[in-house]
Amino acid sequence: MFSHHDQTSPEGTRREPMTMYRHPPHKRAFGWPDLLVLAVVAALIYGLMGLARQWVGGAHFFVNIDLAPSALPKYAFFSLMRAVAAYFLSLGFTFVYGYIAAKSKHTERVMIPMLDILQSIPVLGFLPGLVLGMIAVFPNNNVGLELACIIMIFTGQAWNMTFGFYQSLKSVPAELREVSRVIRLSWWEKVKFIELPFSAISLAWNSLMSMAGGWFFLTVCESFTLGSRRFQLPGIGSYMAAAIEQKNHRAEVYGVLAMCLVIIFCDFVIWRPVMTWVRKFQMEEIQEEVADLPFVTTLLRESWLVRRLKLIMKRRERRRNAPLGASAFQSGTTPAAGTTARLTYEIRSRMRRQKIFDTNLLDLLAKLGTPLTIVVCVWGGTRLWEAVRTLTPHDWRLIWGSVGLTLARVAFALVFGSLWAIPVGILIGLSPRLTRFFQPIIQVAASFPAPMLYPIVTAALLKSGLGFHWGSAVLMMLGAQWYVLFNVLAGAMGVTRDLKDSLKLIGVGGFTRWWRLYLPAAFPAMLTGWVTASGGAWNASIVAEYLQYEGGIMTAAGIGSMISKATDAGNFPMLAGCLAAMVITVVGLNSTFWRWLHDLAETRFRFER
Numbered sequence: 137m138f139s140h141h142d143q144t145s146p147e148g149t150r151r152e153p154m155t156m157y158r159h160p161p162h163k164r165a166f167g168w169p170d171l172l173v174l175a176v177v178a179a180l181i182y183g184l185m186g187l188a189r190q191w192v193g194g195a196h197f198f199v200n201i202d203l204a205p206s207a208l209p210k211y212a213f214f215s216l217m218r219a220v221a222a223y224f225l226s227l228g229f230t231f232v233y234g235y236i237a238a239k240s241k242h243t244e245r246v247m248i249p250m251l252d253i254l255q256s257i258p259v260l261g262f263l264p265g266l267v268l269g270m271i272a273v274f275p276n277n278n279v280g281l282e283l284a285c286i287i288m289i290f291t292g293q294a295w296n297m298t299f300g301f302y303q304s305l306k307s308v309p310a311e312l313r314e315v316s317r318v319i320r321l322s323w324w325e326k327v328k329f330i331e332l333p334f335s336a337i338s339l340a341w342n343s344l345m346s347m348a349g350g351w352f353f354l355t356v357c358e359s360f361t362l363g364s365r366r367f368q369l370p371g372i373g374s375y376m377a378a379a380i381e382q383k384n385h386r387a388e389v390y391g392v393l394a395m396c397l398v399i400i401f402c403d404f405v406i407w408r409p410v411m412t413w414v415r416k417f418q419m420e421e422i423q424e425e426v427a428d429l430p431f432v433t434t435l436l437r438e439s440w441l442v443r444r445l446k447l448i449m450k451r452r453e454r455r456r457n458a459p460l461g462a463s464a465f466q467s468g469t470t471p472a473a474g475t476t477a478r479l480t481y482e483i484r485s486r487m488r489r490q491k492i493f494d495t496n497l498l499d500l501l502a503k504l505g506t507p508l509t510i511v512v513c514v515w516g517g518t519r520l521w522e523a524v525r526t527l528t529p530h531d532w533r534l535i536w537g538s539v540g541l542t543l544a545r546v547a548f549a550l551v552f553g554s555l556w557a558i559p560v561g562i563l564i565g566l567s568p569r570l571t572r573f574f575q576p577i578i579q580v581a582a583s584f585p586a587p588m589l590y591p592i593v594t595a596a597l598l599k600s601g602l603g604f605h606w607g608s609a610v611l612m613m614l615g616a617q618w619y620v621l622f623n624v625l626a627g628a629m630g631v632t633r634d635l636k637d638s639l640k641l642i643g644v645g646g647f648t649r650w651w652r653l654y655l656p657a658a659f660p661a662m663l664t665g666w667v668t669a670s671g672g673a674w675n676a677s678i679v680a681e682y683l684q685y686e687g688g689i690m691t692a693a694g695i696g697s698m699i700s701k702a703t704d705a706g707n708f709p710m711l712a713g714c715l716a717a718m719v720i721t722v723v724g725l726n727s728t729f730w731r732w733l734h735d736l737a738e739t740r741f742r743f744e745r
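For what it's worth, the working numbering labels the leading residue of the sequence shown as 137, then goes sequentially.
Written as structure tokens, this is what we have:
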């Protein structure tokens, strides 16, 4: 079902799979790859010990940031560990939430709109409750503030991953589901051998984009003001915030360079090996030429320590998965008397688990959860009304007027970002050579947190004479444009060679080829990019419309600046009103305008295999 590149030779003859833990006699048993692996492990342990001291030490909610370049490695490590912790939290949430939503129609009708609402709430909307609640639970150390920071980063990562995993589960081909029924796979076997492999590629790409979403609000998550209290954790985001506040331009440059190194490190050590690994789950009969293995993958394969660890794990797995009584038969003795009983019990337990998960358990949970959801919604609506009832009609006119201004900036960011992202994405996606060259560059550029560049871009915009009211739309575009580029590139890669050759044979070229083939083929992916870019632009408004610059605050009228002002002032009624207006607007657009475009993509721009 899923191809594996290492099982057949180019001549078509089958060969034995490579045994990773054995190595030819001419290879050293212990060499420089092992020294490098040990050095990385030692550095990781040392960094984690420093992070643990930061967590469990005395409560210090505001840390003075050292702007010396020598402090950047420590700050970069702290920020990276927070982002990694938030990612694993997002991954767990994605598997649970996305699976339940995809497997039950009852839960789907509630959970997907709920996910849409959560995606539309900016990071600052979660900030007051998280910070105050966590500090109340952990008042004597920094655990509460660190957890609040991780969860805020999580809110920038989880929703995109969950939507992607949910869509992958809904898109599993019918023939694969039929095969699973014919061979009577259990619930876990379906997940392990069909659903997770099918969703692996989408999950890997969405993980990359979600990690970038977590970096985007790093400065907000690590350094913020809540009412009269200032909170600041050691990290590269706080380093940039302190450099901007103190007008230390050299430190700003150091911070940008350090962030670039962190992004390149993550791409080199994590994402390139992951992207190479998930290729084996492509459902293609003919595979394209596989690129060279990443250096990290090669290093791990050459390491004697890693090979020995794999050998131990494989032996344990074989012993655990061996049939009951196999060891006794292999040793020439009779199986124990209880073997048959244990085997029967195991078979019945498996059938019982399969029946539980393959029938109506999720529907039962949905029916039990529906009253709880109603209670939570009623309670939340009551608390929201208590928070906003003090707002005057003038406040509401100001809020909705600000929503309109931010909506105009979001439209500006989408239109002008698409003007270059669509043609460039199609050109790169149509050429395997260009894709191999530009894909790592685009990954690094998309992962860089745009708010760290805001002061530099703002200075250039002000010198050019463009006011900050529209300059903030340019700042929003810096982060939103990558969603469009990534999705258009993926859509263009789906154009088959048969279609391109057919148009070439009948003499169709130039503008007609773009209008009749490339743009329609990329439109569904383009639409996904617009929707995610729109959500990213709305969330970016809280930092693009309210910017610390040259020791002061630059503001542009809009809902993002109102949310930031309300958070800084501790004006919770105004904050609640702004969040409610933003959620209503975003959900309304998703259910009307974006839904119309989605139906158009399904009916007019859909390729049938």
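A virtual CB, placed ideally from N, CA and C, is assigned to each residue, including glycine.
Query raised in the report: With distances taken between CB atoms, is the gap from residue 535 to residue 294 smaller than 8 Å?
Result: no
Query raised in the report: residue 319 to residue 329, Cα distance in whole Å?
Result: 12 Å
Query - For residue 688: DSSP bridge partner residues - result: 685
Query raised in the report: For residue 320, which of helix, strand or coil comes out of DSSP?
Result: DSSP, read as helix, strand or coil, puts residue 320 in coil.
Query raised in the report: Less than 8 Å separating the beta-carbons of residue 208 and residue 372?
Result: yes
Query raised in the report: Where does residue 728 sit, in a helix, a strand or coil, going by DSSP?
Result: coil
Query - Reduced DSSP category for residue 342 - H, G, I as helix; E, B as strand; rest coil - result: helix
**Report entry** For residue 296, the three-state DSSP class (helix, strand or coil)
**Finding:** helix
Report task. Kindly list the residues whose CB is nearer than 6 Å to the CB of residue 616, restricted to its own chain and excluding five residues on each side of it in sequence; keep chain order. Result -> 549, 553, 669, 672 and 673
Query raised in the report: What are the start and end residues of each continuous beta strand (DSSP E) run of 3 or more residues lying completely inside the region 379-414, in chain order?
Result: none
Query raised in the report: Run through DSSP, which three-state label would residue 584 get?
Result: coil
Query - Every unbroken alpha helix (DSSP H) within the region 649-721, with a cutoff of 4 residues, ordered by chain - result: 655-680 and 695-705
Query raised in the report: Shortest alpha-carbon distance to residue 206 belongs to which of 245, 688, 375 and 218?
Result: 375
**Report entry** For residue 335: DSSP bridge partner residues
**Finding:** Answer by DSSP bridge pairing: none, since residue 335 is not bridged.
**Report entry** Per-residue DSSP class, three states only, for residue 533
**Finding:** helix
Report task. Give the DSSP-derived three-state secondary structure of residue 359 in the structure shown. Result -> In the structure shown, residue 359 adopts extended strand secondary structure according to DSSP, grouped into three states.
Requested in this report: Could you have a look at residue 451 and say whether DSSP puts it in helix, strand or coil?
Outcome: helix
Query raised in the report: So, helix, strand or coil for residue 236, using DSSP?
Result: helix
Report task. Say whether the region 650-668 touches the region 593-612, bearing in mind that this needs 3 or more beta-carbon pairs closer than 8 Å, one atom from each stretch. Result -> no
Report task. Check whether the Cβ atoms of residue 523 and residue 712 lie closer than 8 Å to each other. Result -> yes
Report task. Keeping to the same chain, check which residues put their C-beta closer than 7 Å to that of residue 714; ignore five residues upstream and five downstream. Result -> Correct list, in chain order: 535, 695, 698, 699 and 702.
Query raised in the report: Between the beta-carbon of residue 334 and the beta-carbon of residue 198, is there less than 8 Å?
Result: no
**Report entry** According to DSSP, residues forming a beta bridge with residue 198
**Finding:** 368
Query raised in the report: Anyone know if the C-beta pair for residue 258 and residue 362 falls short of 8 Å?
Result: no
Report task. Evaluate contact between the region 300-309 and the region 386-406, counting only Cβ atoms and requiring at least three cross-stretch pairs below 8 Å. Result -> no
Query raised in the report: Taking just the CA atoms, how far does residue 342 sit from residue 296?
Result: 7 Å
Report task. Please name the residue, chosen from 614, 629, 597 and 587, that lies closest to residue 570 on a Cα-to-Cα basis. Result -> Nearest to residue 570 by alpha-carbon distance, out of 614, 629, 597 and 587, is 629.
Query raised in the report: Taking all protein chains shown into account, do 16 or more other C-beta atoms lie within 10 angstroms of the C-beta of residue 276, making it buried, or fewer, making it exposed?
Result: exposed
Query - Whether residue 580 touches residue 400 by CB criterion (8 Å) - result: yes
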